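Going from the sequence shown to the numbering used here is simple: count from 1 and add 13.
Structure record follows, encoded as structure tokens.
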Amino acid sequence: MREYPLLIIGGGLSGLAAGIRFARFGQKVLILEKHSKAGGLNSYYYRKGRLLETGLHAITNYAPPEDKHAPLNRLLRQLKIPRRTLKLRQQHTSEILFPGRANLCFSNDFSLLQSQVAKRFPDSVKQFEKMLTGIDAYDAFTPRPKVSARKFVSTFLQDQLLVEMIFCPLMFYGGSDEDDMDLSQFVILFRSIFQEGFFRPEGTIKDLLGLLLQQYQDFGGEIEFSSGVKEILAVNNRISGIRTYAGEEISCDYLISTAGLPETRRLFTVPEAAATFSELPEDKTSGRLSFLESIYLFNKSARNQLPQDRTIIFYNLSGKFSYRRPDDAVDLNSGVICFPDNFEGSRQDDIIPLRVTHLANYEKWLHAYDDADKSRYTAMKTDWTERSREVVGKIIGNCSENIVYEDSFTPVTIERFTSRTQGAVYGSSEKIKDGTTNFENLYIAGTDQGYLGIVGALLSGVTMVNQHIFNRM
Ligand SMILES: Cc1cc2nc3c(=O)[nH]c(=O)nc-3n(C[C@H](O)[C@H](O)[C@H](O)COP(=O)(O)OP(=O)(O)OC[C@H]3O[C@@H](n4cnc5c(N)ncnc54)[C@H](O)[C@@H]3O)c2cc1C
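Spelled out as structure tokens, the structure:
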């Protein structure tokens, strides 16, 4: 039987980061990835010879190189990736667009958001500054019971419109709960999106994944693709190893799972072991929030029609911003419109990409997908994509005649390719903040540890290895 000091379930960003951190010190480690390539929620595919990214709009947590303590710079040091190899490009300006008097712009210079709040919400300036002091003072990394972020924010801000406008980008880029979030998540997201900001490395997600994989393999780490873990094997309160779909048993001293909380629970086929892993039943831990994501490629004639100074637009068209699983298949009342080329110094290609995200209802899509005849599902996709294009066209200008390629994916697609239950992009609403489980050598990393997005997932992998495994070796 093969034996490893560390086995990692999942070759997404958190799994790769955990692997690099462990392998860097000459330790033997194996990542088992179910899919045929790395990346998980943040991957890519090819259509008509073009690479299309599944996840990456923008990376959060931008920091200048001299800020040695910033999460991004600490992360790159831990992974031993020189910052210059990434050639970071900062966002231009992003915008939160609501009906009425409301739009707020922000960039990687936080003073822009402060001045926008002063201009649009003059009566709220002092309250906003007090909230910033509250955010600065909050230690988001100490494990503690969930606290409502809405309650926290409403102790400072009276203007409900400003409250909704602040929550909109944070929820779209990290909300795993409906209409509210845990205060720790709120603080992490507020800092990483508003106070630090967005960037993209040069190239595509494939380049970033290639860099991480190369680093991992150069340190001696092993990875096996199309190699799903079917079962986690436990003896008393210890994990002894795993069994793959191919039937191989592999033993380990430590196991890190990045598959997610309900997904990991399901890998315990013995009911007692599943109950030991988590007392929470699956319906309490499955996330409900998923998206319809559309990718458009425009020809260069669209360049002068599309906004060039906006990187991301978070929009909401109705009186109240609703961040929940919609009753309909898709909620077009709100969404994210991302221009992946609108970063400083981005190459101006002949083809211009655009990404659009809306909240979507997993059950409605699954219902259509479950028909033996897939034509209903396909027709539903075409219909909602057309309706989305119409709504988005009213915001950014209608360039439909310049579209050379479009594709959309639904909550069902996300579930199929990432094994995230119900296509829940931000995972379970329950997070295991310290990553520990009732098994002394099993840790949860990634989305369900509560560090979100690309930088969050990478940091989570590194932190779990540092805190729990290196400490005990
Ligand atoms: C449409 C979309 C847009 C996004 N946009 C952004 C963005 O712009 N910026 C940003 O920062 N973040 C974005 N994200 C979120 C970001 O992609 C995720 O937060 C991050 O990639 C999560 O990484 P992870 O390692 O925690 O989980 P995952 O990526 O889910 O990795 C888990 C891995 O485990 C594998 N796995 C599952 N079960 C098993 C098993 N039984 N055996 C073996 N392997 C298994 C899966 O195949 C997967 O590869 C986006 C996500 C989506 C879907």
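All C-beta atoms in this analysis are idealised placements derived from N, C-alpha and C, irrespective of residue type, glycine included.
Keep in mind the model is a prediction, meaning the values are calculated, not measured.
{"Item": "Given the structure, does Lys-446 come close to ligand 1, in the sense that its CB is under 8 Å from one of the ligand's heavy atoms?", "Value": "no"}
{"Item": "Should Thr-423 be listed as close to ligand 1, given that the test is whether its C-beta is under 8 Å from any heavy atom?", "Value": "no"}
{"Item": "Given this structure, state the Cα-to-Cα distance separating Gly-436 from Thr-426, to the nearest angstrom.", "Value": "7 Å"}
{"Item": "Skipping 5 residues on each side, what residues in its chain have a beta carbon closer than 6 Å to that of Tyr-151?", "Value": "Val-200"}
{"Item": "So what's Pro-424 in DSSP terms, helix, strand or just coil?", "Value": "helix"}
{"Item": "Who are the Cβ neighbours of Ala-470 in its own chain at under 6 Å, not counting the five residues just before and after it?", "Value": "Leu-26, Ser-27, Gly-459"}
{"Item": "Look at Thr-476 and Leu-54 and say whether their C-beta atoms are less than 9 Å apart.", "Value": "no"}
{"Item": "Could you check what DSSP says for Ala-373 in three-state terms: helix, strand or coil?", "Value": "strand"}
{"Item": "Any heavy atom of ligand 1 closer than 8 Å to the beta-carbon of Tyr-229?", "Value": "no"}
{"Item": "By a C-beta neighbour count over all protein chains shown, 10 Å radius and 16 as the cutoff for buried, is Glu-443 buried or exposed?", "Value": "buried"}
{"Item": "Check whether the Cβ atoms of Arg-213 and Leu-101 lie closer than 9 Å to each other.", "Value": "yes"}
{"Item": "Going by the beta-carbon positions, is the gap between Leu-202 and Ser-303 smaller than 9 Å?", "Value": "no"}
{"Item": "So, with DSSP's three-state summary, where would you put Pro-243?", "Value": "Looking at the sequence itself, residue 243 is Lys, so the reference to Pro does not match. Of the three classes helix, strand and coil, the one that applies to Lys-243 here is strand, per DSSP."}
{"Item": "Give the secondary structure of Phe-119 by DSSP, where H, G and I count as helix, E and B as strand, and everything else as coil.", "Value": "strand"}
{"Item": "Is DSSP giving Gly-448 helix, strand or coil here?", "Value": "coil"}
{"Item": "Is it buried or exposed, Pro-158, if we count other Cβ atoms within 10 angstroms and call 16 or more buried?", "Value": "exposed"}
{"Item": "Under the three-state reduction of DSSP, which class applies to Lys-104: helix, strand or coil?", "Value": "It is worth fixing the name first, because residue 104 is Gln in this sequence and not Lys. If DSSP states are grouped into helix, strand and coil, Gln-104 belongs with the strands."}
{"Item": "Taking Cys-181 as the reference, give the member of Glu-209, Phe-352, Ser-335, Ile-33 with the closest Cα.", "Value": "Ser-335"}
{"Item": "Can you tell me whether Glu-235 sits near ligand 1, meaning its C-beta is under 8 Å from at least one heavy atom of the ligand?", "Value": "no"}
{"Item": "Identify the continuous beta strand (DSSP E) that holds Ile-457 and give its terminal residues.", "Value": "455-457"}
{"Item": "Looking at C-alpha atoms only, which residue of Ile-94, Tyr-17, Leu-29 is the closest neighbour of Gln-40?", "Value": "Tyr-17"}
{"Item": "Confirm the yes/no value for this check: CB of Gly-216, any heavy atom of ligand 1, distance under 8 Å.", "Value": "no"}
{"Item": "Going by DSSP in three states, Phe-207 sits in which element: helix, strand or coil?", "Value": "helix"}
{"Item": "Cβ-heavy atom distance between Phe-327 and ligand 1 below 8 Å?", "Value": "no"}
{"Item": "Could you spell out where the alpha helix (DSSP H) holding Tyr-229 opens and where it closes?", "Value": "218-231"}
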